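This report concerns only the one structure given below.
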Amino acid sequence: MATIIIGGGVVGLSIAYGLLKAGKEVIVLDGDDNDFRASRGNFGLIWVQGKGAEAPHYAKWSRGSSALWGDFAADLLRQTGVDVAYSQVGGVDYFTDEKELEKRVQSYTSLRDNLEGDYPFDVLDHKGMEERVPEIGKKVVGGIYSPMDGHVNPLYLLRALSIAVLKAGGKINTGVKVVDIKAEDYDFTAILTDGTEVMGDGLVIAAGLGSVELGRKLGFKVPIRPQQGQILITEKLPYFLRYPSGTIRQVNEGGVQIGASSAEVGLDDDEDMVTSAGLAQHAIEIFPHLEKAKLVRSWAALRIMSPDGLPIYQRSPKVSGACFVTCHSGITLAASHARLIPDWILERNTAPDLSQYSEDRFDV
Amino acid sequence: MFKTFDKNNTDYYLKFEFDGKSIKAKAGMSVAAALLAEGIIDLRQTPVSGSIRGPFCMMGACYDCLVLVDDVSVQACTTPVRDGLVVSRVPIVTVDE
Amino acid sequence: MQYDFDIIIIGAGPAGMSAAIMADKNGASVCLLDEQPSAGGQIYRNVTNVTEQGAKILGSDYLEGRTLVESLNNSQVIHRSGVTVWKVGKKGNVAFSDQGLAERLQGRHIIIANGATERAVPIPGWTLSGVLTVGAGQILMKTGSIVPSNSVLIGSGPLLYLVASQMLAAGSPPKAIVETQTLENLLKALPHFGKALRSWKQLLKGIKLILALKLARVPRYKAATEISIQGEDNVKSVKFRASGIDHQIDTNVVLLHQGVVPNTQITRSLSLEHRYDMAQRCFHPVTDDFGQSSHSLFTISGDGSGIGGAKVAAISGKISALNALFCIGKISKSDRNQVVAPLQKTRRSELSIRPFLDAAYPPPNSILLPHDDTIICRCEEVTAGDIRRYAALGCKGPNQTKSFGRSGMGPCQGRFCGLTVTEILASETGATQDAVGSYRIRSPLKPISLKELASLNDSKEHSS
Chain A
1 MATIIIGGGV VGLSIAYGLL KAGKEVIVLD GDDNDFRASR GNFGLIWVQG
51 KGAEAPHYAK WSRGSSALWG DFAADLLRQT GVDVAYSQVG GVDYFTDEKE
101 LEKRVQSYTS LRDNLEGDYP FDVLDHKGME ERVPEIGKKV VGGIYSPMDG
151 HVNPLYLLRA LSIAVLKAGG KINTGVKVVD IKAEDYDFTA ILTDGTEVMG
201 DGLVIAAGLG SVELGRKLGF KVPIRPQQGQ ILITEKLPYF LRYPSGTIRQ
251 VNEGGVQIGA SSAEVGLDDD EDMVTSAGLA QHAIEIFPHL EKAKLVRSWA
301 ALRIMSPDGL PIYQRSPKVS GACFVTCHSG ITLAASHARL IPDWILERNT
351 APDLSQYSED RFDV
Chain B
1 MFKTFDKNNT DYYLKFEFDG KSIKAKAGMS VAAALLAEGI IDLRQTPVSG
51 SIRGPFCMMG ACYDCLVLVD DVSVQACTTP VRDGLVVSRV PIVTVDE
Chain C
1 MQYDFDIIII GAGPAGMSAA IMADKNGASV CLLDEQPSAG GQIYRNVTNV
51 TEQGAKILGS DYLEGRTLVE SLNNSQVIHR SGVTVWKVGK KGNVAFSDQG
101 LAERLQGRHI IIANGATERA VPIPGWTLSG VLTVGAGQIL MKTGSIVPSN
151 SVLIGSGPLL YLVASQMLAA GSPPKAIVET QTLENLLKAL PHFGKALRSW
201 KQLLKGIKLI LALKLARVPR YKAATEISIQ GEDNVKSVKF RASGIDHQID
251 TNVVLLHQGV VPNTQITRSL SLEHRYDMAQ RCFHPVTDDF GQSSHSLFTI
301 SGDGSGIGGA KVAAISGKIS ALNALFCIGK ISKSDRNQVV APLQKTRRSE
351 LSIRPFLDAA YPPPNSILLP HDDTIICRCE EVTAGDIRRY AALGCKGPNQ
401 TKSFGRSGMG PCQGRFCGLT VTEILASETG ATQDAVGSYR IRSPLKPISL
451 KELASLNDSK EHSS
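Chains as they are written, first to last, in the working numbering: chain A, 1 to 364; chain B, 1 to 97; chain C, 1 to 464.
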């Protein structure tokens with residue numbers, strides 16, 4: 001019998017791949033070409049620095065996934081022939097405000113203390129930044145470099161995961177919508193719009209913003225909300241930017257990607273020009289020569305945000321064998337989702353302890 | 001390859017530069033048209049495979065006629081020629097595939 | 001909300017100009033935005049500056065554009081030429097760049113009159129330098145007074161003959177015309193011929209063009225198949241099969257044409273409703289008889305709403321202006337309907353030739369569903385075979401194939417690959433073109449520099 005995975009984005013497919021490697025059959029049910037799809041609209045970062053400032057377990061979880069990523073990428077290349085353009089030379093965050101920089105350094109220092117020193121980062125002044133990235137603008141007062149960070153081409157990752165899942169014998173049904181689920185312990189029937197029934201002995205809901213209705217039927221709280229992020233990408237430019245940052249990176253294809261904003265606008269993924277202009281201004285402050293670069297596309301996508309911004313890994317309180325997974329760092333966590341989460345889903349004793357990520361933490 | 005069919009004494013000709021070469025053009029022409037008139041059909045190389053491209057649609061839709069003016073990539077077919085305009089080829093960008 | 005203009009019109013071709021003139025005449029404040037340095041769009045491109053000899057070569061139909069331009073210049077319309085519109089917002093706001101500076105305008109109603117583009121003609125070798133569209137060839141005559149020597153024209157449609165005869169008049173006829181139209185196409189078009197006779201003047205013009213080419217002995221190869229363009233970097237020759245014989249014609253310039261299709265970039269970016277037309281093999285925005293789109297603030301006019309040619313576009317412009325005037329409350333519904341009725345009648349009459357033309361000159365299957373090796377996305381060099389592979393991986397729509405393979409991510413933003421991707425996916429998945437859909441189009445509608453974009457936040461507001 002198969003595990004049904006609702007949601008064919010990077011979270012669903014990473015888990016699918018991991019389950020297949022763990023010997024489980026898998027059937028992925030994925031939505032429409034025009035669905036919101038955070039997996040298609042994200043920044044492509046494998047980002048560790050700064051995460052879990054108030055939650056050391058999350059900092060550890062992110063760090064752990066980042067450490068598994070190299071192997072994960074190599075595995076995908078072997079299995080599918082797709083090079084996901086994984087690069088982990090470290091990442092840099094740029095600051096144009098001294099106070100902001102100081103605040104962040106403090107935050108990282110206490111993180112480092114919480115993790116017993118296992119949290120490498122360097123604080124750089126303008127000169128130090130210039131040495132690493134000569135094109136830096138005068139307004140940049142300094143930055144923080146961390147070797148833990150990297151980036152990947154998230155679209156190639158999606159494609160590689162699709163191929164990997166299919167090659168490993170998994171099924172992916174695209175363009176379908178699950179309208180109802182009949183659930184008993186380890187016995188699930190997902191009903192599609194056309195009445196087709198898909199049966200399995202396990203269920204994972206990883207459908208991003210589409211998880212709400214179905215999730216609540218199975219007893220999950222699904223306390224998620226959309227948060228809009230806007231991204232710009234320029235024409236392909238001669239390569240200059242080695243280190244990705246949380247807001248600017250040069251993708252393997254050559255374009256410079258700039259982001260990302262945060263707006264609470266509900267289920268609206270329309271880009272707006274005032275935000276775009278602000279992002280452009282930010283990019284020019286960091287790299288003045290980019291003012292001449294042509295913007296080829298801007299887009300907005302919806303992050304899936306939990307109340308504290310941390311992932312949710314939850315087993316259903318109503319039936320056994322059903323899980324709900326959500327996060328807004330699906331790229332960073334893809335490696336752990338493929339390597340470590342399947343054991344948790346299959347309730348094996350090698351499973352990681354994810355109790356701190358349960359929905360119960362949201363009870364006041 | 002291309003010939004002018006309209007020679008008039010009242011035409012105003014100007015000179016612009018393309019990759020260091022001085023080119024005579026009639027006022028009102030686009031840079032793309034002027035280059036084609038000069039027999040220059042190779043404008044750039046694609047980032048993906050390095051294939052040679054030149055003007056294709058002449059109406060600002062295909063972006064194959066990109067050239068560099070003042071360090072900005074512009075479409076040669078929507079850029080009118082001006083006396084003293086300095087145009088060069090866009091630097092080759094290689095895509096890491 | 002503060003409004004800069006009653007009506008903002010995008011595109012100064014025959015539809016945009018007519019709309020602007022009509023709206024202005026009825027007391028609305030109008031701003032006409034266009035990319036070209038002078039009004040005319042593509043069909044009347046450069047009509048005010050063309051030389052005497054150019055005028056003779058290009059013909060009287062072309063010169064008719066002058067009247068419209070003159071009326072426009074005599075009106076109160078604010079015509080912003082040489083600007084690049086890069087965003088049209090759902091609230092009736094428009095952002096554009098003028099000489100490197102971004103500006104924002106707010107209108108009560110927007111008329112989209114951005115015309116048509118050439119259908120892509122993905123055949124082997126179509127990306128070689130030296131290959132242009134037939135439309136491009138005509139633009140070169142209109143704006144540069146230049147014409148290719150010994151070129152080969154490939155494709156189908158009335159524009160092929162028009163441009164070939166213009167080239168002939170310019171003293172440089174094509175070396176050959178390689179046509180994809182088959183006898184079967186003509187036979188299928190026959191049932192529409194009766195209706196087409198209402199436009200007998202146009203039919204006559206077409207026949208005259210073909211006769212002129214015949215008299216000049218311009219070689220025409222009919223029902224050609226297996227067409228490919230040969231060359232390393234530049235065009236060296238064209239190969240094809242016609243009448244059972246394999247041909248190879250040496251040439252340095254090839255002009256392609258398979259009809260024109262509505263330019264739907266703006267309408268798509270607004271998520272307006274579109275429908276696929278099986279007779280014309282393209283999408284157009286859904287509009288009522290007044291050009292009203294699926295969103296109250298937008299009226300669509302001219303070839304951008306459906307291919308009809310310059311005369312139809314001019315009539316359509318008037319109709320759309322009247323609709324816009326009604327929408328902003330300047331005229332009543334009954335007034336609008338009354339004035340529009342005779343215009344709609346004339347438009348119907350002018351359109352009577354279309355079903356015949358659509359059936360007689362359809363794009364062949366080899367263009368709609370190219371061979372695996374053929375590049376279909378010029379910018380990112382994605383092949384038809386790539387798209388088929390992504391369909392096999394489960395991609396059901398163009399946006400998924402875009403994210404898997406980058407088709408549509410280049411600077412042309414899907415203008416030349418969009419339709420082909422939809423056709424291939426429809427064929428591979430068995431879904432209709434409507435179900436398959438099209439690329440999500442986002443701003444900027446045309447690439448703009450980061451500096452231009454950043455300048456938006458310091459932009460001046462215009463007041464009417």
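Here a beta-carbon is modelled for each residue, glycine too, at the ideal position from N, C-alpha and C.
Being a predicted model, the structure only gives us computed values, none of them experimental.
Beta-carbon proximity of residue i to residue j, cut-off 8 Å
i                           : j                           : result
glutamine 228 of chain A    : methionine 305 of chain A   : no
isoleucine 111 of chain C   : threonine 299 of chain C    : yes
leucine 272 of chain C      : valine 134 of chain C       : no
glutamine 281 of chain A    : phenylalanine 43 of chain A : no
proline 174 of chain C      : glutamate 235 of chain A    : no
valine 163 of chain C       : valine 254 of chain C       : no
phenylalanine 16 of chain B : arginine 82 of chain B      : yes
tyrosine 243 of chain A     : valine 89 of chain A        : yes
valine 93 of chain B        : valine 69 of chain B        : no
phenylalanine 18 of chain B : leucine 35 of chain B       : yes
serine 237 of chain C       : isoleucine 249 of chain C   : yes
arginine 347 of chain C     : arginine 297 of chain A     : no
isoleucine 46 of chain A    : serine 66 of chain A        : yes
Alpha carbon of residue i to alpha carbon of residue j, nearest angstrom
i                         : j                         : result
isoleucine 41 of chain B  : isoleucine 52 of chain B  : 9 Å
tyrosine 3 of chain C     : glutamine 106 of chain C  : 5 Å
lysine 446 of chain C     : glycine 195 of chain A    : 43 Å
isoleucine 9 of chain C   : glutamate 64 of chain C   : 21 Å
methionine 199 of chain A : glycine 81 of chain A     : 32 Å
glutamine 42 of chain C   : asparagine 74 of chain C  : 21 Å
arginine 78 of chain A    : proline 56 of chain A     : 34 Å
lysine 99 of chain A      : isoleucine 144 of chain A : 13 Å
serine 71 of chain C      : leucine 343 of chain C    : 19 Å
glutamine 292 of chain C  : lysine 24 of chain B      : 48 Å
isoleucine 146 of chain C : alanine 314 of chain C    : 28 Å
isoleucine 387 of chain C : cysteine 377 of chain C   : 10 Å
aspartate 33 of chain A   : isoleucine 328 of chain C : 36 Å
tyrosine 313 of chain A   : alanine 160 of chain A    : 24 Å
alanine 454 of chain C    : lysine 138 of chain A     : 18 Å
asparagine 457 of chain C : aspartate 98 of chain C   : 15 Å
N- and C-terminal bounds of the alpha helix (DSSP H) containing residue i
i                            : result
arginine 40 of chain A       : 38-41
phenylalanine 326 of chain C : 310-327
proline 307 of chain A       : Looking at the DSSP string, proline 307 of chain A is not in any alpha helix (DSSP H), and its letter there is neither H nor E.
tyrosine 156 of chain A      : 154-167
asparagine 114 of chain A    : 98-114
glutamate 423 of chain C     : 418-429
Residue i: contacting residues in chain A (beta-carbon distance under 7 Å)
i                    : result
valine 93 of chain B : Lys236, Leu237, Pro238 and Gly254
Under 8 Å by beta carbon: chain A residues contacting residue i
i                     : result
lysine 396 of chain C : Asp32, Asp33, Thr174 and Gly175
Enclosing beta strand (DSSP E) for residue i [first to last residue]
i                        : result
lysine 182 of chain A    : 178-184
alanine 120 of chain C   : Where alanine 120 of chain C is concerned, there is no enclosing beta strand (DSSP E), given that its DSSP letter is neither H nor E.
lysine 60 of chain A     : Per DSSP, lysine 60 of chain A belongs to no beta strand (DSSP E); it is in the alpha helix (DSSP H), 56-80.
proline 148 of chain C   : 146-148
aspartate 187 of chain A : 187-192
8 Å Cβ cut-off: residues of chain C touching residue i
i                       : result
alanine 37 of chain B   : Gly144 and Ile146
aspartate 42 of chain B : Ser129, Asp233 and Asn234
Neighbour list for residue i in chain A, Cβ cutoff strictly below 9 Å
i                       : result
aspartate 64 of chain B : Simply none; closest approach about 13 Å.
Within chain C, the residues that residue i reaches when beta carbons sit closer than 9 Å
i                       : result
threonine 79 of chain B : The contacting residues do not exist; threonine 79 of chain B stays about 10 Å from chain C at best.
Counting only runs that start and end within the region 170-235 of chain C, where is the beta strand (DSSP E) found for 3 or more residues in a row?
-> 176-179 and 225-230
Whole runs of the beta strand (DSSP E) within the region 231-261 of chain C, excluding any shorter than 3 residues | 237-242, 245-250 and 254-258
Let me know the alpha helix (DSSP H) ranges lying completely inside the region 257-289 of chain C, each 4 residues or longer, listed in chain order.
-> 265-269
What are the uninterrupted segments assigned as beta strand (DSSP E) that are 3 or more residues long and contained completely in the region 218-244 of chain A, given in chain order?
-> 225-236
Enumerated in chain order, which unbroken segments of the beta strand (DSSP E) with a length of 3 residues or greater are wholly contained in the region 15-82 of chain B?
-> Assignment of beta strand (DSSP E) within the region 15-82 of chain B, counting only whole runs of 3 or more residues, yields 21-26, 66-69 and 72-75 in chain order.
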